[in-house]
Amino acid sequence: MQALTNGQVYNPLHRVVVSGDEARYSAILFSHPVDGVAIRALDEAVDGDHPAMYRPFEYGEYAMFCYLPENMTPESMKHAHKLEAFAAVRTTTVLHMPLLR
Numbered sequence: 002m003q004a005l006t007n008g009q010v011y012n013p014l015h016r017v018v019v020s021g022d023e024a025r026y027s028a029i030l031f032s033h034p035v036d037g038v039a040i041r042a043l044d045e046a047v048d049g050d051h052p053a054m055y056r057p058f059e060y061g062e063y064a065m066f067c068y069l070p071e072n073m074t075p076e077s078m079k080h081a082h083k084l085e086a087f088a089a090v091r092t093t094t095v096l097h098m099p100l101l102r
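Each residue of the sequence shown is one higher than the last, beginning at 2 in my numbering.
Written out as C-alpha cells, the structure reads:
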C-alpha cells in the first residue's frame with residue numbers, strides 16, 4: 002500500500018503486548034501481486050507537490066531483496082524501512098531512516 006499510495010498509507014512498526022489471563026488471537030492477511038506486473042504509485046498520488054517516492058518494481062524483486070539469505074546482512078536486518086532501502090527515488094534531500102535497535 003505504501004508504494005501504491007506514494008507514502009500516504011504505510012505500515013507502522015508495531016508489537017503486541019499481552020496482559021491479563023485471557024487468550025489473544027491474531028489474524029494475518031498476506032497478498033502476492035501477479036508476477037511481471039510493475040508496482041508503482043497510483044497516478045492520483047503523484048503530482049508536482051508530491052513527486053514519486055519509489056521507482057516502479059516487481060514484487061518478486063522486492064521479496065528477494067528482503068528475504069534471500071545472501072541479502073540478510075546485519076545492516077539490512079536493522080533497517081526499519083526496507084521499501085525505502087530497495088526502491089526509494091533518490092533526491093538531493095537526505096532521507097532519515099531509523100535503525101531498529
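Positions of the beta carbon are idealized from the N, C-alpha and C atoms, including for glycine.
What you are looking at is a predicted structure, and each value in this text was computed from that prediction instead of being measured.
(Q) Taking the straight line between their C-alpha atoms, what separation do you get for Ala39 and Ala28? (A) Cα to Cα, the separation comes out at about 28 Å.
inquiry  = Comparing C-alpha positions only, which one of Leu84, Pro52, Asp50 and Pro75 sits nearest to Phe66?
reply    = Among Leu84, Pro52, Asp50 and Pro75, the Cα nearest to that of Phe66 is on Leu84.
>> Within the continuous alpha helix (DSSP H) that includes Tyr11, where are the two ends?
In response: DSSP places Tyr11 in no alpha helix (DSSP H); its state is neither H nor E.
_Any non-hydrogen atom of the ligand SAH closer than 7 Å to Glu23 Cβ_ = This structure lacks the ligand SAH; in fact it carries no ligand of any kind.
Could you say which of Phe31, Thr74, Tyr63 and Leu43 lies nearest to Thr6 if we only look at CA atoms?
-> The residue with the shortest Cα to Cα distance from Thr6 is Leu43.
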